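In what follows, a structure is listed as structure tokens, so that the remarks can point back to it.
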Amino acid sequence: YKFFHPFSGSVLFSLKKGNIVFTRNTNALEESIEDGVNGFFLTDDIMTDSKRIIQVMNDNDTIKKVRKNSFEAIMQNHFPAVVKDYFNMEVYEVLGSNS
Numbered sequence: 004y005k006f007f008h009p010f011s012g013s014v015l016f017s018l019k020k021g022n023i024v025f026t027r028n029t030n031a032l033e034e035s036i037e038d039g040v041n042g043f044f045l046t047d048d049i050m051t052d053s054k055r056i057i058q059v060m061n062d063n064d065t066i067k068k069v070r071k072n073s074f075e076a077i078m079q080n081h082f083p084a085v086v087k088d089y090f091n092m093e094v095y096e097v098l099g100s101n102s
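Shown next as structure tokens:
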């Protein structure tokens with residue numbers, strides 16, 4: 004896991020579709036989700052999480068904002084050209100450091 008941090012592709016797909024994502028902060032999800040901006044991290048406290056989910060789902064302005072932000076984040080960070088450039092940069096840095 005030196006260069007790759009696996010996480011569920013379903014999270015990326017959900018973000019791309021503009022779904023509201025509630026998830027635990029595991030693996031590399033913090034690279035794709037900014038809490039309260041384009042998704043939400045759960046705390047593992049059922050009362051806190053339940054209140055937050057209800058609050059978000061009852062606030063149409065928050066839903067619209069998060070949906071817009073989630074799509075924009077995917078396009079800026081996970082669009083094929085961006086990913087390609089990121090990995091090309093990583094390969095260059097790795098190969099360059101061994102010279």
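Under my numbering, think of the first position of the sequence shown as 4, with each following residue one higher.
All C-beta atoms, glycine included, are put in the ideal place defined by N, C-alpha and C.
All figures in this text were calculated on a predicted structure; none of them were measured in a lab.
For the 8 Å CB-CB criterion, residue 23 and residue 66 form a contact.
In this structure residue 73 is buried. Its beta-carbon is surrounded by 16 or more other beta-carbon atoms within 10 angstroms.
Nearest Cα to residue 41 within the set 49, 71, 29, 51: 71. Note that the C-beta distance between residue 28 and residue 44 is below 8 Å. Counting of Cβ neighbours within 10 angstroms places residue 84 among the exposed residues, the total staying below 16.
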